[in-house]
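Below is one structure, written out as structure tokens; comments come after it.
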Amino acid sequence: MTTFQIPERMDFARLSPKVLKAVLALDAAAREGVDPVVLELVQIRASQINGCAYCVDYHVGDARKAGEDDDRLHQLAVWRESSLYTARERAALALAEAVTLLPGGVPDEVYAAAERHFEERELAQLIAVVFTVNTWNRMNATTRKTPGTA
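Add 1132 to a position in the sequence shown, counting from 1, and you land on the number used in the numbering used here.
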């Protein structure tokens, strides 16, 4: 099988180390107290939506290291049609999609579903995880960072 090489546009980390350091700090702060499974699922889903191959690859690897099941990873793009996710995970995924797409705001029913499954502090952290992974996606997709690049 022949692979297509997509040239990276720039080494963002080298050219903007202060921004990278700030995003790394934001990422660490956002993760605090978030269930590791939910964390990886929402990061993968947002990365799928944003077309960030680097982040999908990175977070799938982290999810596997955390013990995530391959079937659930394969069905994540179609989670609404899958029976493999809990109500809590579904609420987190719906919120992640709404925050990522922002087609006029996060619908009240999506937010209310997340409130039913997450305590207020954890919900705040989950929202922070979603906007942080969106930052990573935009950084890496814009610069064409691909799996296998440092």
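Just so you know, even glycine gets a beta-carbon here, dropped at the ideal spot from N, CA and C. Every value quoted in this text rests on a predicted model; they were computed, and no experiment measured them.
Check: Does L1171 get closer than 8 Å to chain D when you measure Cβ to Cβ?
Finding: Although the question refers to chain D, the structure presented lacks it and comprises just one protein chain.
Next on the checklist: Below 8 Å, how does it come out for the segment 1150-1163 and the segment 1231-1242: are there three or more Cβ pairs, yes or no?
Outcome noted: no
message = What would DSSP say about P1149, mapped onto helix, strand or coil?
response = Here residue 1149 corresponds to residue number 17 of the sequence shown, with the count starting at 1. Three-state result, P1149: helix.
Q | Top-ranked residue by Cα proximity to M1271, from F1136, E1140 and D1203 | A | Counting from one through the sequence shown, the residue named residue 1271 turns up at place 139. When each option's Cα is compared against that of M1271, the closest is E1140.
Between L1216 and R1177, what straight-line distance do the alpha-carbon atoms span, to the nearest angstrom?
Taking the sequence shown and counting its residues from 1, the one referred to as residue 1216 is at position 84. Taking the sequence shown and counting its residues from 1, the one referred to as residue 1177 is at position 45. Rounded to the nearest angstrom, the two C-alpha atoms are 15 Å apart.
**Asked** Applying the criterion that 16 or more other CB atoms from any shown protein chain within 10 Å of the CB defines a buried residue, is A1256 buried or exposed?
**Response** Translated into the one-based positions of the sequence shown, residue 1256 becomes position 124. Exposed, since its Cβ has fewer than 16 Cβ neighbours within 10 Å.
- Item | Collapsed DSSP secondary structure at K1277 in the structure displayed | To locate residue 1277, count along the sequence shown from 1; it is residue 145. Looking at K1277 - three-state DSSP - the assignment turns out to be coil, as it is neither helix nor strand.
ask   = Could you give the C-beta distance for A1209 and E1172, rounded to a whole number, given that I count them as a contact under 8 Å?
value = As a first step, residue 1209 is located in the sequence shown; it is residue number 77 there, counting from the start. As a first step, residue 1172 is located in the sequence shown; it is residue number 40 there, counting from the start. That pair is no contact at about 14 Å.
- Message: I need the boundaries of the alpha helix (DSSP H) containing R1177, first residue and last residue.
- Response: One-based indexing of the sequence shown puts residue 1177 at position 45. Looking at the DSSP string, the run of the alpha helix (DSSP H) that includes R1177 is P1168 to N1182.
field: Close-in-space but distant-in-sequence residues of the same chain around A1195 (CB under 8 Å, 5 per side omitted)
entry: Start at 1 with the first residue of the sequence shown, and residue 1195 comes out as number 63. Closer than 8 Å at the Cβ level, and outside the excluded window around A1195, lie V1169, E1172, L1173, I1176 and L1205.
If you measure between the beta carbons of C1144 and T1278, is that distance less than 8 Å? On the sequence shown, position 12 is the one that residue 1144 refers to. On the sequence shown, position 146 is the one that residue 1278 refers to. A small fix is needed here, since residue 1144 is Phe in this sequence, not Cys. Taking 8 Å as the Cβ cut-off, F1144 and T1278 do not qualify as a contacting pair.
- In terms of residues, what are the limits of the alpha helix (DSSP H) holding L1205? In the sequence shown, the residue the question calls residue 1205 occupies position 73. Looking at the DSSP string, the run of the alpha helix (DSSP H) that includes L1205 is D1202 to Q1207.
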